[in-house]
Every structure is written in C-alpha cells, then in structure tokens.
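Undergrad:
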Amino acid sequence: MLSLKKIAITTALMVVVSAGVALADNPSFLTALVQNVTSKITALVSPNVQSATGSLNDTTNQSEQDLQNYNNQYLQDVTNTLSQFTSNYAAQKQNDLRNQIQSYKSQMDSQKQQLIQNAENSIQQQIDTQYNNNINKILSDLSK
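Sequential numbering from 1011 applies to the sequence shown in my numbering.
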C-alpha cells in the first residue's frame, strides 16, 4: 500500500512539473497543483510516521522485555554458580578443619605417654627436692 502511494506521488509530481512547463503562463493554476500535491504528501507523512513509530515502539517494548528476561536469567545463573562455589568451598574448609583437628589428636595421642612420663618425672623431682629440703631442715633444727 505504501509503494502505491509513492507511485501516485511520483506521478503527481511529474504531472505538476510537466504542467508547470506547459502552463507557465498561468502561475496560480501551477501554484494550486503544487499545493494540492504538497497537501497529499503532507497527509502521507503522519500515517507513515505513526506506522514506523508504532513498529519502533513495539520493537523497543520487545527488546526491553528480552533484556529483562536475559538479565534475570543471567543473574540467576550467576547466583546459582556462586552458591554452588560457596557450598563447595565451605565444605572443603570444614574438611580441612576436621583434618587439622584429627592431626592434632593423633599427634597428642602419640606423645601422650612421653608427656605423662615427663610430667611424672617433674613431679617426682619437685617432691624429692621438697622432701630432701624438709629432711635437711629437721636435721638442721635438731643440731641446734
């Protein structure tokens, strides 16, 4: 439909130009023809602009919706990926901590007898020292 209007406008302009050449002696008639065609052209502008604008608005609305859907899905994907990473990393660190605690327990268990023996020896030495000091005191007090 739009191409038929273009053909009609082109034909009308050719008629006006040829009429202008042939009817140059009647400028008011020529002016009237030009105004007539100009009015028709002007009348075509608004529907064409409205059609293009409507189409552009529809495309814009569709694009906005597509972008919103894409962004929502993108953020969901990123959130899922980060959530999975966080869970895996936290689980890894929990296992590391459990392993550290188990290593500590194993080390302490392996050293238990030696630590007890060292503590018993220290206690024995301190008590023996105090015992000997007490004995020496008694002996010293008796000799006075």
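In this text, a Cβ means the ideal position worked out from N, Cα and C, and glycines have one as well.
Please read these numbers as outputs of a predicted model, since none were measured by experiment.
Pull up the distance between the alpha-carbon of GLN1140 and that of GLN1104, whole angstroms please.
TA: About 49 Å.
Undergrad: Tell me which residues share the same chain as ASN1058 and place their Cβ nearer than 6 Å to its Cβ, disregarding the 5 neighbours each side in the sequence.
TA: none
Undergrad: For SER1153, which of helix, strand or coil comes out of DSSP?
TA: coil
Undergrad: Closer than 6 Å by C-beta to ILE1148: which residues in its own chain qualify, once you throw out the five before and the five after it? Chain order, please.
TA: none
Undergrad: Counting only runs of 4+ residues fully inside the stretch 1021 to 1096, write out the alpha helix (DSSP H) ranges in chain order.
TA: Whole alpha helix (DSSP H) segments, 4+ residues: zero.
Undergrad: Taking the alpha-carbon positions, what's the SER1153 to ASN1146 distance?
TA: Between SER1153 and ASN1146, the C-alpha separation is close to 11 Å.
Undergrad: Can you grab the Cα-Cα spacing for the pair GLN1123 / ASN1109, in whole Å?
TA: 23 Å
Undergrad: According to DSSP, is LEU1012 helix, strand or coil?
TA: Bear in mind that the predicted position of LEU1012 carries a pLDDT of just 49, short of 50, making it too unreliable to give a figure here.
Undergrad: In whole angstroms, what is the alpha-carbon distance linking GLN1135 and GLN1121?
TA: 21 Å
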